[in-house]
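Below you'll find the structure, written out as structure tokens, and then a few comments.
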Amino acid sequence: MATVDAILADQYPAKSHARRVAALLQAHHGDSAPGVIYLEAQKTRLIEDNDEAMPFRQRRFFYYLSGCSLPDSSLIYDINADKLTLFIPPTDPEDVIWSGLPLSADEALKLYDVDSVLATTEVNATLQSIGSRYGGSAVAFMIAGQVSIETKFQGFMDTNLSALKGVIEKTRVVKDAYEIALLKTANDISAKAHIAAIKASKTATNEREIEGAFIATCIAYGAREQSYHPIVACGANGATLHYGKNNSDLIDPVTKERKTNVLIDAGAEYRAYCSDITRVFPLGGKFTTETRQIYEIVLQMQMECITMLKGGIQWENVHAHAHRVAIKGLLALGILLGSENELFEKRISVAFFPHGLGHYLGMDTHDTGGDPNYGDKDSMFKYLRVRGRLPAGSVVTVEPGIYFCRFIIDPYTQSPDLGKHIDTNVLERYWSVGGVRIEDNIHITRDGYENLTTAPKTIEEVESLAL
Ligand code: GLY
Ligand code: MN
Ligand code: MN
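See below:
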């Protein structure tokens, strides 16, 4: 099997993505009319009332069919001619003094998997010539709200603004070897950054120092962007799923003792591909008894769920299995009372594990194609970001968690029917745990899975790094 480096030495497979998107588009739309796909990159945008550019993030739909991270570019894929043309901004002499020379068309042609490269000033003439070549019978597929007013589709029979986005979203679910290599690289960089973050906690006094160590390591290894804002949550902050303040002291102001543990949910983005990893580690090298007990349950939830994975698996069943493991574990600790089945039927474990087991991962952290049903009346499945069967080639996060959040748990303990299933005396000891979530990125294969995440996660590994 080719190594990651050998795969990534080649060009990003833009042409193959264009062909896959076109095949699905024509299957949906009927393949009678000739068509083109037209996509625009994200524009350079200035900060309001300022002449500095806003942080740039390439449009994923454009990147998928080009591999190009330049702003203000566009592409045309002529489906019948199987011709992919990239349009890049022409040299602006006024800008060269500030920004240096831009990429030339010749350089771009070597860099990207496209058939030709022209300046963006050529877009309309190219569209017109394609339109007339098909004698006015061609359809232009594009994405509503992502087409500049200056772009003209002269000579086209029709423009379709509704089909393309959904088709690309669907196509993106199944990754090719190149995309898996990018996701692996993002994961490998993140693993180094998670180790650095745990080590930094030994001398850190505030969450932000741990965040700084994570980001610095990603940048040092070639990942300048984060997939999302890191979550660095000590003690009870870990009960907030997307805690983002990252500014609490690691010492409790009342007891003057170091807080119990830190939850860090952070991932490097590498060439537009995301990693999304959560780890929990003790402050001071040893988990408290309570955190250790919860950690063991969550790790069990995660490992059993990962073992179930293979192409075609029904994701709801995996998510439900995680709940059953949580229920058994919380029963054994005495936090829950009753029978496993009754607790499952009454959805009591949702009080402690309120989110979905995971989501697709790719160019977006919460990647496209999951078909969620947030209107589901069933509290156990409502927040699942993926519904249905996972195809081989997809990449999904597996991120069970158990949280001690008063806002979520109190309504359960106060309910006459549900409250009798939670022992509040036992629960009292666990509030300081905050939350434990363990999150890996899993590539689904035909017969099983490949875990892309290499960050340490056994109790022994994280304790020894934190000591
Ligand atoms: N980091 C966001 C998530 O895990 O979904
Ligand atoms: Mn996630
Ligand atoms: Mn995450």
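Heads up: the sequence shown begins at 960 in the numbering used here, then just goes up one per residue.
Idealized CB from N, CA, C, for every residue including glycine.
Query raised in the report: How is the beta strand (DSSP E) around L1045 delimited, first residue to last?
Result: Within the sequence shown, numbered from 1, the residue matching residue 1045 stands at position 86. Residues K1042 to I1047.
Query - Nearest-angstrom Cβ-Cβ length linking H1402 and I1139, presumed shorter than 8 Å - result: As a working note, residue 1402 is residue 443 in the sequence shown. As a working note, residue 1139 is residue 180 in the sequence shown. Between I1139 and H1402 the Cβ distance is about 6 Å, and since that is below 8 Å, they are a contact.
Query - Distance between beta carbons of A1078 and P1049, contact taken as under 8 Å - result: Along the sequence shown, read from residue 1 onward, the residue named residue 1049 stands at position 90. Along the sequence shown, read from residue 1 onward, the residue named residue 1078 stands at position 119. Right, the Cβ-Cβ distance comes to about 4 Å (below 8 Å), so this counts as a contact.
Query raised in the report: How close, in whole Å, do the beta carbons of M1101 and T1118 come, if the pair is a contact with beta carbons under 8 Å?
Result: Reading the sequence shown from its first residue, position 142 is the one you call residue 1101. Reading the sequence shown from its first residue, position 159 is the one you call residue 1118. Their Cβ separation, rounded to whole angstroms, is 7 Å, which keeps M1101 and T1118 in contact under 8 Å.
Report task. For the beta strand (DSSP E) containing R1283, list its first residue and its last residue. Result -> The residue given as residue 1283 occupies position 324 in the sequence shown. Note, R1283: premise wrong, no beta strand (DSSP E); alpha helix (DSSP H) at W1274 to L1292.
Query raised in the report: Is E1398 near ligand 3, going by C-beta to nearest heavy atom under 7 Å?
Result: As a working mapping, residue 1398 is identified with position 439 in the sequence shown. Yes; taking the cut-off as 7 Å, the Cβ of E1398 has a heavy atom of ligand 3 nearer than that.
Report task. Going by CA-CA distance only, name the one from A1182, G1393 and G1244 that's closest to E1422. Result -> Translated into positions along the sequence shown, residue 1422 becomes position 463. Of A1182, G1393 and G1244, the residue nearest in Cα terms is G1244.
Query raised in the report: For the region 1346-1362 against the region 1392-1400, are there 3 or more C-beta pairs whose distance is under 8 Å?
Result: yes
Query raised in the report: Rounded to the nearest angstrom, how far is the Cβ of T1044 from that of S1088, given a contact under 8 Å?
Result: Here residue 1044 corresponds to residue number 85 of the sequence shown, with the count starting at 1. Here residue 1088 corresponds to residue number 129 of the sequence shown, with the count starting at 1. Going by Cβ atoms, the distance from T1044 to S1088 rounds to 11 Å, so no, they are not a contact pair.
Query raised in the report: L1349 by DSSP, collapsed to three states: which one?
Result: Position 390 of the sequence shown holds residue 1349. Note: L1349 maps to coil in three-state DSSP.
Query raised in the report: Using a Cβ-Cβ cut-off of 7 Å (strictly less than) and excluding sequence neighbours within five positions of G1095, which residues of its own chain qualify?
Result: Locating residue 1095 in the sequence shown gives position 136, where the first residue counts as 1. Only G1114 and M1116 meet the Cβ criterion.
Report task. Would you kindly report the start and end of the unbroken beta strand (DSSP E) that includes D1399? Result -> The sequence position of residue 1399 within the sequence shown is 440, counting from 1. Looking at the DSSP string, the run of the beta strand (DSSP E) that includes D1399 is D1399 to I1403.
Report task. Might you give, ordered along the chain, the residues of its own chain that have their beta carbon closer than 6 Å to the beta carbon of T1247, omitting 5 neighbours on each side? Result -> The residue labelled residue 1247 in the question sits at position 288 within the sequence shown. Taking C-beta separations shorter than 6 Å and ignoring five residues to either side along the sequence, the partners of T1247 in its chain run T1219, following chain order.
Report task. Run the proximity test for T1356: is its beta-carbon closer than 7 Å to any non-hydrogen atom belonging to ligand 2? Result -> Working through the sequence shown from its first residue, we reach residue 1356 at position 397. True, at least one ligand heavy atom lies under 7 Å from that Cβ.
Query raised in the report: For V980, is the classification buried or exposed, using 16 other Cβ atoms within 10 angstroms of its Cβ as the cut-off for buried?
Result: The count along the sequence shown starts at 1 and reaches residue 980 at position 21. Burial call: buried.
Query raised in the report: In or out: A1163 buried (at least 16 other Cβ within 10 Å) or exposed?
Result: If you number the sequence shown from 1, residue 1163 lands on position 204. When all chains shown are included, A1163 counts as buried.
Report task. Have a look at K1069 and N1276 and give me their C-alpha separation to the nearest angstrom. Result -> The residue given as residue 1069 occupies position 110 in the sequence shown. The residue given as residue 1276 occupies position 317 in the sequence shown. Straight-line Cα distance between these residues: approximately 46 Å.
Query raised in the report: Can you pull the DSSP bridge partners for D1037?
Result: Looking up residue 1037 in the sequence shown gives position 78. In the DSSP output, where bridge partners are listed per residue, D1037 has V995 and K1042.
**Report entry** C1193 in three-state terms, based on DSSP
**Finding:** Reading the sequence shown from its first residue, position 234 is the one you call residue 1193. Three-state DSSP puts C1193 in a strand.
Query - Which of helix, strand or coil DSSP assigns to A1163 - result: Residue 1163 sits at position 204 when you count from the first residue of the sequence shown. DSSP, read as helix, strand or coil, puts A1163 in coil.
Query raised in the report: Is the closest heavy atom of ligand 1 to the C-beta of Y1187 under 7 Å?
Result: By 1-based counting over the sequence shown, the position of residue 1187 is 228. For ligand 1, at least one heavy atom lies less than 7 Å from the Cβ of Y1187.
Report task. Report yes or no: do three or more beta-carbon pairs, one from the region 1169-1178 and one from the region 1264-1282, lie closer than 8 Å? Result -> no
Query raised in the report: Helix, strand or coil for A1152 per DSSP?
Result: Working through the sequence shown from its first residue, we reach residue 1152 at position 193. In the structure shown, A1152 sits in a helix (DSSP, three-state: H, G or I).
Query raised in the report: In three-state terms, what does DSSP make of P1052?
Result: Walking along the sequence shown from the start, residue 1052 turns up at place 93. The answer is helix: DSSP assigns P1052 an H, G or I state.
Query raised in the report: Is any heavy atom of ligand 1 found at a distance shorter than 7 Å from the C-beta of D1235?
Result: What you label residue 1235 is simply residue 276 of the sequence shown in a count that begins at 1. Answer for D1235: yes, Cβ within range of ligand 1.
Report task. Tell me where the beta strand (DSSP E) around A1225 begins and ends. Result -> Against the sequence shown, residue 1225 aligns to sequence position 266. First-last of the beta strand (DSSP E) with A1225: N1220 to A1225.
Query raised in the report: Bridge partners of I1236, per DSSP?
Result: Taking the first residue of the sequence shown as 1, we reach residue 1236 at position 277. According to DSSP, I1236 bridges with A1225.
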